[in-house]
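> Residues in the sequence shown are numbered consecutively from 9, following this note's numbering. All C-beta atoms in this analysis are idealised placements derived from N, C-alpha and C, irrespective of residue type, glycine included. The model shown is predicted, which means the values in this text are computed figures rather than measured ones. Following this message is one structure expressed as structure tokens.
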Amino acid sequence: MRALASLVGALLEAWQEVRVHRTRVLLSLIGVAVAVCSLTTVVALGAIVQQANQEMSERQSGRPASLNVSAFRLDGEIDPQRMDAAWNDVVQRYDIAYATRAQQTSQMVPFVGGVAQVATQAVDQPYGEMHRVRMLEGEWFTPMDAEQLAPRLIVNEIFWDRMGRPDLSTHPVVALGGQAVPGAASGIAPGGTTAVVVGVTPSLTWETEPSMFMLASQAQAVQDAAIGRGGADTAAGAPYGGAPQSQYEMWVPPELADQLTTLVTRDLAAALGEGTEVNISRQDWATYGEDPFLVTKMVVIGIAVLVLLLGALGLVNIALVTVKQRVREIGIRRSFGATASRVFFAVMMESVVATVVAGAVGVMASILIVQSPWLRDQIGQGMVSDFPPFPVDAAITGLVAATAVGALAGLLPALVAVRVKVIDAIRY
């Protein structure tokens, strides 16, 4: 209890000294507040940059853990229907909520300026969540879309521009296959399949051609209808280059990835018959043995430490000069019985208390900066959909850094103050 009373007394004494010398303290702590604000902001922005890198990687390779499944036979091709049936059995058996087929095809689509061959990705509904597909307008496929008679499309912004950017609430339609007819509404052409546009994805900076997503089941139905009409070529709406093999992907908990890899490989090989080779691999960012974002983290930490050292250096210089000017005050306190430890602790706590206050101000300023919509737009560049909240560890780092700077800045002046002799102080 006595030790606690001494600690509280020392803190109050330090606060009183800070108030007495508030002008000097204010000038010396501006640099500390700026340094702590910079440190906290750099750490917080580092978390946003890392999130952006992760999301961009997940759009390409899927979220951890994404298992890419493929199968082949040395004596011929695997029947696609048999492969789909085996895939569906495995997905249901292990209750995998996120699984998708992915097939790269193309469709002939008539626009006002003529018929264009549009790159098409045929996927299942969970693909959007698995690959963080961002929507500019409308929404991603719903489970009910697979039951609609007219195929649903999600097109990129270039495709939408060629349509004239119609309001999606009006259910704009396009024709898959057939030939363009001048003046035809929304590009509907005889001999084609009418599809409804339900969403728009933003086009990447390097994209120059239209592209779109379709549900795999509806893409297969469009292909079958085109073949049934006797138009197996691309102009009739069948996928360009024939019927490519689908790729299969599932998103599972990382801790179950190895076990499911073994089980799914075994079950698919058994279902597809002897002589079938099944390969399952991971390509998501968490597959790598070392942290792929380690370089980013090290750069952030290096900048933060440099900023902090610059702030600490300025404060130490000011604190040393201040103690030299307070020799008489310290000597008088020693003459009235103040012990060396009390003087040491009081001088050090003046710096600590002041820097903690400055650190709190710096952290609050950092929160306002990082949480501002303008800065998030500049950092995210439209690539981040799940902005992380302001990291608590960044705020704690800022306050701890402020305390450490205060202790460091107060250590040398406190040592100088302890060495002051009463007789020297009187002569000063």
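1) Quick check on the DSSP output: the alpha helix (DSSP H) that includes Ser-349 runs from which residue to which?
2) Rounded to the nearest angstrom, what separates Asp-241 and Ser-114 at their Cα positions?
3) Whole angstroms is fine: what's the gap from Val-181's alpha carbon to Val-131's?
4) Can you look up Glu-3 in the DSSP assignment and give me helix, strand or coil?
5) In this structure, does DSSP put Trp-293 in helix, strand or coil?
6) Nearest CA to the CA of Tyr-135: which residue from Met-372, Arg-71, Leu-423, Gly-370?
7) Secondary structure at Ala-73, three-state DSSP: helix, strand or coil?
8) So for Gly-122, helix, strand or coil by DSSP?
9) Counting C-beta neighbours from all protein chains within 10 Å, is the total for Leu-323 16 or more, i.e. buried, or is it exposed?
10) Using the three-state DSSP reduction, which class does Arg-109 fall into: helix, strand or coil?
11) Here's the rule: buried if 16 or more other CB atoms are within 10 angstroms of the residue's CB, otherwise exposed. What is Leu-53?
12) Could you say which of Leu-376, Cys-45, Thr-209 lies nearest to Glu-145 if we only look at CA atoms?
13) Using CA coordinates, which residue listed in Met-171, Leu-161, Phe-398, Gly-414 is at the minimum distance from Met-222?
14) Just the C-alpha distance for Ala-244 and Ala-402, rounded to the nearest angstrom, thanks.
15) Helix, strand or coil: which one does DSSP assign to Gln-156?
16) By Cβ distance below 7 Å, which residues in the same chain neighbour Ala-422 in space, the five residues on each side in sequence not counted?
17) Is the beta carbon of Ala-425 closer than 8 Å to that of Ala-41?
18) Note down the Cα distance separating Ala-412 from Val-329, rounded to an integer number of angstroms.
19) Could you pull out every residue in the same chain whose Cβ sits closer than 7 Å to the Cβ of Leu-419, ignoring the five residues on either side in sequence?
20) Alpha carbon to alpha carbon, how far is Ala-94 from Ile-86?
21) Measuring alpha carbon to alpha carbon, tell me which residue in Gln-231, Ile-309, Leu-184 is nearest Arg-118.
22) Please report the Cβ distance between Ser-254 and Arg-109, rounded to the nearest whole angstrom; I am assuming they are in contact, meaning their Cβ atoms lie under 8 Å.
23) Look at Leu-416 and Ala-43 and say whether their C-beta atoms are less than 8 Å apart.
24) Buried or exposed: which applies to Gly-310, given that a residue is buried once 16 or more other Cβ atoms fall within 10 Å of its Cβ?
25) So for Gly-418, helix, strand or coil by DSSP?
26) With a Cβ-Cβ cutoff of 8 Å, do Gly-414 and Ala-362 count as a contact?
27) Could you check which residue in Ser-74, Ala-124, Val-120, Met-116 has the C-alpha nearest to that of Tyr-106?
28) One question on the structure: do Leu-47 and Leu-376 come within less than 8 Å of each other, judged by their Cβ atoms?
29) Apart from the five residues on each side of it in sequence, which residues of its chain come closer than 7 Å, Cβ to Cβ, to Gln-379?
30) Counting C-beta neighbours from all protein chains within 10 Å, is the total for Leu-37 16 or more, i.e. buried, or is it exposed?
31) Would you kindly work out how many angstroms separate the C-alpha atoms of Cys-45 and Phe-167, rounded to a whole number?
32) Using the C-alpha atoms, what's the distance from Asp-232 back to Ile-104?
33) How is Arg-81 classed by DSSP in three states: helix, strand or coil?
34) Expressed to the nearest angstrom, what Euclidean distance is found between the alpha-carbon atoms of Trp-293 and Phe-149?
35) So, helix, strand or coil for Tyr-256, using DSSP?
36) Buried or exposed for Pro-174, going by 16 or more other Cβ atoms inside 10 Å?
Inspection of the coordinates gives the following:
1) 348-378
2) Low confidence applies to Asp-241: its pLDDT is 45, below 50, so where it sits in the model is not reliable, and the reading given next is rough at best. Their backbone Cα atoms lie some 11 Å apart in a straight line.
3) Approximately 20 Å between the Cα atoms of the pair.
4) Residue 3 falls outside the range modelled here, since the chain spans only 9 to 436, and no answer is possible.
5) helix
6) In terms of CA proximity to Tyr-135, Arg-71 leads the group Met-372, Arg-71, Leu-423, Gly-370.
7) For Ala-73, the three-state secondary structure derived from DSSP is coil.
8) In this structure, Gly-122 counts as strand in the three-state DSSP scheme.
9) buried
10) strand
11) buried
12) Thr-209
13) Leu-161
14) In this predicted model, Ala-244 has a pLDDT of only 40, less than 50, meaning its place in the structure is not dependable; the value taken from the coordinates is given anyway. Taking the straight line joining both Cα atoms gives about 58 Å.
15) coil
16) Phe-352, Val-355, Met-356
17) Result no, Cβ atoms of Ala-41 and Ala-425 do not sit closer than 8 Å.
18) Roughly 20 Å separates the two Cα atoms.
19) Closer than 7 Å at the Cβ level, and outside the excluded window around Leu-419, lie Met-356.
20) 11 Å
21) The sequence given here places Pro at residue 118; Arg does not occur at that position. Taking Pro-118 as reference, the option from Gln-231, Ile-309, Leu-184 with the minimal CA-CA separation is Leu-184.
22) With a Cβ gap of about 4 Å, Ser-254 and Arg-109 count as contacting.
23) Contact flag unset, no.
24) exposed
25) helix
26) yes
27) Ser-74
28) Cβ distance not < 8 Å, so Leu-47 and Leu-376 don't count as in contact.
29) Phe-398
30) buried
31) Approximately 45 Å between the Cα atoms of the pair.
32) 29 Å
33) strand
34) 26 Å
35) strand
36) That one is exposed.
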